[in-house]
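Okay, structure first, notes after.
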Amino acid sequence: MESDPRQAMAVDIQRVLIIGLPETGKTSFIQALDEVLKHPASAQDLCASGLAHDRSYIQSGKADFLAGKKLGRTLRPLENTSVELWFEHPPTGKRGRLHLPDKKGEIFRDQWVNRQWDKDYRLSLKGIAGALIFLRADEKPRNDERLGILAMEASKQGGTPRPWDIKAASAQVQLVDVLQFIIEYGGVPRPLRVAVLISAWDTVGNEGDLRPREPAKFLEREWSLLAQYVRANPQYFNSRIFGVSAYGGPPDALGPLLEQAPHERAWLVDGTETTRDLTRPLRWLLELH
Amino acid sequence: MLRCKLDNCPVAKDGRCLEGRGADCPNLLPEADVSATVAEAPKSAEVRNSLPTVLEPLPGRAPLDVAEARMFTQRGPSIVVALAGMPECGKTSLLARLHQMFQAGSVAGFDFAGSHTLPYFEELNWLATIESGVQQPTMKRSSSQFDNSFLHIAVQSIDNGTRTELLLNDITGETFEKAVASQVECDKLISLARADHLVVVVDGAALAELLLRHHHIEQTRDFLQRVLQSGQCGPQTALHILISKLDKLHGQEAVAVKMETESRARFGAAFGSINFWRIAARPMDGSLPTEERIGRLFASWVGTTHRYPMPILPVVPRSAWARDFCRYGI
Chain L
476 MESDPRQAMA VDIQRVLIIG LPETGKTSFI QALDEVLKHP ASAQDLCASG
526 LAHDRSYIQS GKADFLAGKK LGRTLRPLEN TSVELWFEHP PTGKRGRLHL
576 PDKKGEIFRD QWVNRQWDKD YRLSLKGIAG ALIFLRADEK PRNDERLGIL
626 AMEASKQGGT PRPWDIKAAS AQVQLVDVLQ FIIEYGGVPR PLRVAVLISA
676 WDTVGNEGDL RPREPAKFLE REWSLLAQYV RANPQYFNSR IFGVSAYGGP
726 PDALGPLLEQ APHERAWLVD GTETTRDLTR PLRWLLELH
Chain V
4 MLRCKLDNCP VAKDGRCLEG RGADCPNLLP EADVSATVAE APKSAEVRNS
54 LPTVLEPLPG RAPLDVAEAR MFTQRGPSIV VALAGMPECG KTSLLARLHQ
104 MFQAGSVAGF DFAGSHTLPY FEELNWLATI ESGVQQPTMK RSSSQFDNSF
154 LHIAVQSIDN GTRTELLLND ITGETFEKAV ASQVECDKLI SLARADHLVV
204 VVDGAALAEL LLRHHHIEQT RDFLQRVLQS GQCGPQTALH ILISKLDKLH
254 GQEAVAVKME TESRARFGAA FGSINFWRIA ARPMDGSLPT EERIGRLFAS
304 WVGTTHRYPM PILPVVPRSA WARDFCRYGI
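Residue numbers (my numbering), protein chains in the order written: chain L, 476 to 764; chain V, 4 to 333.
Set out below in structure tokens:
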């Protein structure tokens, strides 16, 4: 006999925090995950067990996502942006509700800039089961220096520099600091299971691209400060690294890929393995094997 | 709200003690005095109610003051490094270079394990980035406000998993000159008494200039004499004489050798150890920074202190650890 999902959610609420600076692919992943949960690739995969009561946030961007269009940036005044996905784990029979508070990138950037956070947000961290950390494969992890030839060429010219703006700090530095806040002041379980999701993974491995094609090696080379920080604090973090392409290709330019359904386009890289199963990071976070 | 007896102390503006003493500073006015001198209008109930959320402060906006730094020294193995030298000698470039090196990878066998002063590190480096729009890389000038403040980096040894907290004290060039001129000024540098390492940076470009070199060498010598005389440094301190801007020293290496030889003869026995370095943290001649040497310098800070015996940990490779978080391989 089928049990009522509303009863299940009362006993097994799993909350996962999403962390990431603005425009790092968080919302796209949520949309893609929603599609994958509705269309699981295999009997072992997490699947949807119904529709959450409030799907207004997911619905607001659904049409664009399904059409392969780039999603608009999450608007800050829209506070009710938490996302619930009801899931079922067929191998264990476990049902529950996955709560993805779409903590917008601006919130994390504000923590870096203003050095303060909302008390309610801090309190909400205490019960999380894990965290998804988003960064983009096509984003610059640190500011470029004028070194070597660049320093020589530059010294021959003149110009007015922009004044220091803390928002312009290196992305990986900002992200590390946000993680420090969460792990040191958030009261989260330690070690916290964190899945680092490198979005826009479809931009990796093109001709002439020398960056590693394994997500963990990519992180180590390109976002080294973050990789070191997580590795050097095993008492704080238990981590795993994934590459993800929520659209399956570049949004607004999917071309023939649009023939495929969104859940068939999305893919994920785990080590050297490529899979359509976007739920894998969540299963790892929640220890659903 | 905090207030200070000293007119030029910014504590009322940003909470930073001019002398870096935090809540222990004797110049702080007690609360009663504050209320007597500052008639601050109470916030109306309406204003308070309109606040949407309760915001809690997070640390790290500025370098650590002495009280904050003390918390890190109490956590576990910690090393204090004081950097001093004439104005624009390259101290800040060295600190900024270390920050950049960790952004690119592990440094000399150490992983970055955290920092509570990341915004300030980024600010130091801003005027050397392309993003700043600067045409000629330069460095933010240090403020004497932070003479008794610390930048913080925690590192973990890749070999044995030991975590070390590093506290880096950047003494401004102006203060360096004042300290040479006056014992009173030198005594205000309270971090020196706790420093495991004193790094005196000598401007390689100045050494190459006939009109500048004698002044810079003399100032360096007098500063070392001053800190020894005061007892702030001594056998408990590892001394590093570091010639910066190596790219501008070319052709004048003999001057550097002479200065190093004389310094060893004069100060070698007075400090716990004496080390000499020549680096280029931000060369302007088209060459790249001497990162390997800077890495070795960094490793010597982490691995050496004359203040207490360094614990000898078994070297168990990370790959052999039975658990991720056990450095003993248990």
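Glycine is no exception: its CB is placed at the ideal position from the N, C-alpha and C atoms.
DSSP three-state label for residue i, please.
i: Arg490 of chain L; result: strand
i: His574 of chain L; result: strand
i: Phe279 of chain V; result: strand
i: His200 of chain V; result: strand
i: Asn713 of chain L; result: strand
i: Asp529 of chain L; result: coil
i: Leu242 of chain V; result: strand
i: Asp520 of chain L; result: coil
i: Glu498 of chain L; result: coil
i: Ala44 of chain V; result: Only weak support exists for where Ala44 of chain V lies, its pLDDT of 35 falling under 50; the coordinates are left without a value.
i: Ile657 of chain L; result: helix
i: Arg299 of chain V; result: helix
i: Phe226 of chain V; result: helix
i: Ala721 of chain L; result: coil
i: Arg758 of chain L; result: helix
i: Ala65 of chain V; result: coil
i: Ile624 of chain L; result: helix
i: Ala606 of chain L; result: strand
i: Phe274 of chain V; result: coil
i: Ile673 of chain L; result: strand
i: Thr132 of chain V; result: strand
i: Phe266 of chain V; result: First, the residue type needs correcting, since residue 266 of chain V is Ser and not Phe in the sequence shown. In the structure shown, Ser266 of chain V sits in a helix (DSSP, three-state: H, G or I).
i: Arg611 of chain L; result: strand
Would you mind telling me which residues of chain L sit closer than 7 angstroms to residue i, beta carbon to beta carbon, in chain order?
i: Gln103 of chain V; result: Glu620
i: Arg64 of chain V; result: Arg590
i: Asp206 of chain V; result: Under the 7 angstroms cutoff, chain L gives no residues; its nearest Cβ is about 18 angstroms from Asp206 of chain V.
i: Pro80 of chain V; result: Within chain L, no residue comes near Pro80 of chain V; the closest Cβ sits about 14 angstroms away, beyond 7 angstroms.
i: Ser109 of chain V; result: Gln703
i: Gln159 of chain V; result: Ala707
Could you list which residues in chain V have their beta carbon closer than 9 angstroms to that of residue i, in chain order?
i: Asp595 of chain L; result: Thr56, Val57
i: Ser699 of chain L; result: Phe105, Gln106, Ala107, Gly108, Ser109, Phe115
i: Val651 of chain L; result: Phe115, Gly117, Ser118, Leu121
Please report the Cβ distance between residue i and residue j, rounded to the nearest whole angstrom; I am assuming they are in contact, meaning their Cβ atoms lie under 8 angstroms.
i: Leu701 of chain L; j: Gln649 of chain L; result: 10 angstroms between Cβ atoms; not a contact.
i: Ala741 of chain L; j: Ala721 of chain L; result: 6 angstroms
i: Ser147 of chain V; j: Thr175 of chain V; result: 5 angstroms
i: Ala670 of chain L; j: Leu760 of chain L; result: 6 angstroms
i: Gly207 of chain V; j: Leu252 of chain V; result: 4 angstroms
i: Arg617 of chain L; j: Gln106 of chain V; result: 5 angstroms
i: Pro292 of chain V; j: Ala626 of chain L; result: About 10 angstroms separates the two Cβ atoms, so there is no contact after all.
Give me the Cα-Cα distance between residue i and residue j, rounded to the nearest whole angstrom.
i: Gly534 of chain L; j: Gln506 of chain L; result: One point to set straight first is that residue 534 of chain L is Gln, not Gly, in the sequence displayed. Gln534 of chain L and Gln506 of chain L: Cα-Cα distance of roughly 9 angstroms.
i: Ala44 of chain V; j: Pro66 of chain V; result: Per-residue confidence for Ala44 of chain V stands at a pLDDT of 35, beneath the threshold of 50, marking its modelled position as unreliable; the derived number appears in the next sentence. Rounded to whole angstroms, Ala44 of chain V to Pro66 of chain V spans 31 angstroms at the Cα level.
i: Asn278 of chain V; j: Thr308 of chain V; result: 13 angstroms
i: Phe179 of chain V; j: Leu492 of chain L; result: 48 angstroms
i: Leu300 of chain V; j: Leu97 of chain V; result: 11 angstroms
i: Pro90 of chain V; j: Leu213 of chain V; result: 18 angstroms
i: Ser303 of chain V; j: Asp199 of chain V; result: 11 angstroms
i: Gly566 of chain L; j: Val511 of chain L; result: It is Pro, not Gly, that sits at residue 566 of chain L in the sequence shown. Taking the straight line from one Cα to the other gives about 17 angstroms.
i: Leu61 of chain V; j: Arg590 of chain L; result: 5 angstroms
i: Leu560 of chain L; j: Leu753 of chain L; result: 14 angstroms
i: Ile608 of chain L; j: Gly495 of chain L; result: 6 angstroms
i: Tyr704 of chain L; j: Asp114 of chain V; result: 7 angstroms
i: Asp529 of chain L; j: His738 of chain L; result: 22 angstroms
i: Pro238 of chain V; j: Arg696 of chain L; result: 41 angstroms
i: Glu134 of chain V; j: Pro756 of chain L; result: 34 angstroms
List the residues that DSSP assigns as beta-bridge partners of residue i.
i: Thr750 of chain L; result: L:Leu743
i: Gln159 of chain V; result: V:Asp114, V:Arg166
i: Arg668 of chain L; result: L:Asn713
i: Trp592 of chain L; result: V:Glu59
i: Ser247 of chain V; result: V:Asp206
i: Asp173 of chain V; result: V:Leu86
i: Leu3 of chain V; result: Chain V is shown only over 4 to 333; residue 3 of chain V falls outside these bounds and no answer can be derived.
Since residue i meets chain C, which of its residues come closer than 9 angstroms, beta carbon to beta carbon?
i: Gly662 of chain L; result: This model lacks chain C altogether, as its protein chains are L and V.
In chain V, which residues lie with their C-beta within 7 angstroms of the C-beta of residue i?
i: Arg706 of chain L; result: Asp114
i: Ile624 of chain L; result: Gly289
i: Arg617 of chain L; result: Gln106
Closer than 8 angstroms by beta-carbon distance: list the chain V residues that pair up with residue i, in chain order.
i: Phe656 of chain L; result: Leu61
i: Gln647 of chain L; result: Gln106
i: Gln534 of chain L; result: Neighbours of Gln534 of chain L on chain V: none; closest Cβ ~26 angstroms, over 8 angstroms.
Give the interface partners of residue i over in chain L, defined as CB-CB distance under 9 angstroms, in chain order.
i: Thr364 of chain V; result: The shown model of chain V, from 4 to 333, leaves out residue 364 of chain V, and the question about it has no answer.
i: Trp129 of chain V; result: Asn618, Pro636, Arg637, Pro638, Trp639, Asp640, Ala643, Ala644
Could you name the residues of chain L that residue i contacts, counting a contact when the two beta carbons are closer than 8 angstroms?
i: Ile133 of chain V; result: Asn618, Asp619, Glu620, Arg621, Leu625
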